[in-house]
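K.L.:
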DNA sequence: CCCGCAACTGCAAACCATTTGCAGCTCGGC
DNA sequence: GCCGAGCTGCAAATGGTTTGCAGTTGCGGG
């Protein structure tokens, strides 16, 4: 795996700064987690994050706690791809994290989908049912080109 | 809770017939599960199904196996509301089960949402990425009228 | 109506993702 | 450099789901 981060990835200092601003400590495990996340182009599971940590840095429980902190701070976004494993992706500052995915049912390859059209409908549905603060979760599932014609 | 089933619920005989047609046995636990499911208007968890079974009929493991069978036969549809608990709803014969939900983030009240607009987009996304057999999962989350103004 | 047996059930143990209790370590303000 | 709250590491608990296995039962054939 390449060490370089995607062009749009926030610098590590900006990330740690966000922690400090909220009076959270910048520890070795947290830095390693953030460093790993900023190199990813797809959401990663907490086990994947843990396995990618430098030897001796971090524990699975610490990864769980750190990711939870990051989520509560709005620094990462959680995704459920329906396989019982939560995945997370780093969010740029101020980014609302609205994004969907196309997931291969067989090999779990993930493609980002930028479109979202549910905003109107969301408002409509909220009003009709008297709900407030309505958001939505939308994921697509299919067979990727590689897996077509080669089913299990 | 009322014993009567929603008007659209398939008769129990039709359901058991679908089992027999596929050489599956019609056992007491399976009948009880189907009877329970046909009375529901919202997706139910397997634990809920189990608790609703008559005393002495069925075991939690049996519920899990039966529901899995029903799902593989396309007789029930699975939903993930993001709380780590799978929920299931009976499907009428031939029904594709396409339906979405509006779930209260706090009390987990569920409202069915019939609209779906994603069909075009689904096709578009499939074509653009070379995926086949694309489906989607869409759920809405919000605060229901009762829970507004009374947050935890 | 009874037989045979594969399908199915009940129970307990295993699994896996996630959470938690706790004692010791460390970041960062003083 | 010192101190204390915030963190970490480890291990054990939790909760949903799955599985192994021995005993039971639905149901087609006799």
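Protein chains in written order, with our numbering: chain A, 1 to 152; chain P, 153 to 304. Idealized CB from N, CA, C, for every residue including glycine.
1. Pick out whichever of P:156, P:290 and P:191 has its Cα sitting closest to the Cα of residue 121 of chain A.
2. May I ask you to verify whether the region 275 to 285 of chain P touches the region 236 to 246 of chain P, counting CB pairs closer than 8 Å and requiring at least 3?
3. How about residue 232 of chain P: is its C-beta nearer than 8 Å to some C-beta of chain A?
4. Going by beta carbon distance, what residues of the same chain come within less than 8 Å of residue 179 of chain P, once the five residues before and after it are set aside?
5. Taking only the alpha-carbon atoms, compute the straight-line gap between residue 1 of chain A and residue 242 of chain P and give it to the nearest angstrom.
6. Going by CA-CA distance only, name the one from P:175, P:207, P:161 and P:156 that's closest to residue 181 of chain P.
7. Hey, is the region 64 to 82 of chain A in contact with the region 96 to 114 of chain A, meaning 3+ C-beta pairs nearer than 8 Å?
8. Mapping the DSSP letters down to three states, classify residue 168 of chain P as helix, strand or coil.
9. Classify residue 136 of chain A: buried if its beta carbon has 16 or more other beta carbons within 10 angstroms, exposed otherwise.
10. Would the beta-carbon of residue 240 of chain P fall within 8 Å of that of residue 228 of chain P?
11. How many angstroms separate the CA atom of residue 168 of chain P from the CA atom of residue 250 of chain P?
12. Just to check my reading of the structure: residue 184 of chain P and residue 210 of chain P have Cβ atoms closer than 8 Å, yes? What is that Cβ distance to the nearest angstrom?
13. What does the Cβ neighbour count give for residue 186 of chain P, buried or exposed, with the cut at 16 atoms within 10 Å?
14. Counting only the same chain and skipping the five closest in sequence on each side, list residues whose C-beta sits under 8 Å from that of residue 49 of chain A.
15. Can you find the residues in the same chain that come closer than 6 Å, C-beta to C-beta, to residue 293 of chain P, ignoring five residues on each side of it along the sequence?
16. Does any residue of chain P have a CB that is nearer than 8 Å to the CB of residue 143 of chain A?
P.N.:
Taking the structure as given:
1. Minimum Cα distance to residue 121 of chain A is reached at P:290.
2. With a cut-off of 8 Å on Cβ pairs, the region 275 to 285 of chain P is not in contact with the region 236 to 246 of chain P, counting fewer than three such pairs.
3. For residue 232 of chain P, the answer is yes, since a Cβ of chain A falls inside 8 Å of its Cβ.
4. Nothing listed; no residue qualifies.
5. Interpretation of residue 1 of chain A is limited by its pLDDT of 46, a score under 50 that renders its predicted location unreliable; no figure is taken from the coordinates.
6. With distances taken between Cα atoms, residue 181 of chain P lies closest to P:207.
7. In this structure the region 64 to 82 of chain A touches the region 96 to 114 of chain A; the number of beta carbon pairs closer than 8 Å is three or more.
8. Here DSSP, grouped into helix, strand and coil, assigns residue 168 of chain P to helix.
9. Looking at its Cβ environment, which holds 16 or more other Cβ atoms inside 10 Å, residue 136 of chain A is buried.
10. Cβ distance < 8 Å, so residue 240 of chain P and residue 228 of chain P count as in contact.
11. Between residue 168 of chain P and residue 250 of chain P, the C-alpha separation is close to 23 Å.
12. Residue 184 of chain P to residue 210 of chain P, Cβ: 6 Å. Contact.
13. A residue is called buried when at least 16 other Cβ atoms come within 10 angstroms of its Cβ; residue 186 of chain P meets this threshold and is buried.
14. Exclusion of the five residues before and after residue 49 of chain A leaves 33, 36, 37, 63, 67 and 88 as the residues of its chain whose Cβ lies within less than 8 Å of its Cβ.
15. The residues are 255 and 257.
16. Interface with chain P (8 Å Cβ-Cβ cutoff): residue 143 of chain A is included.
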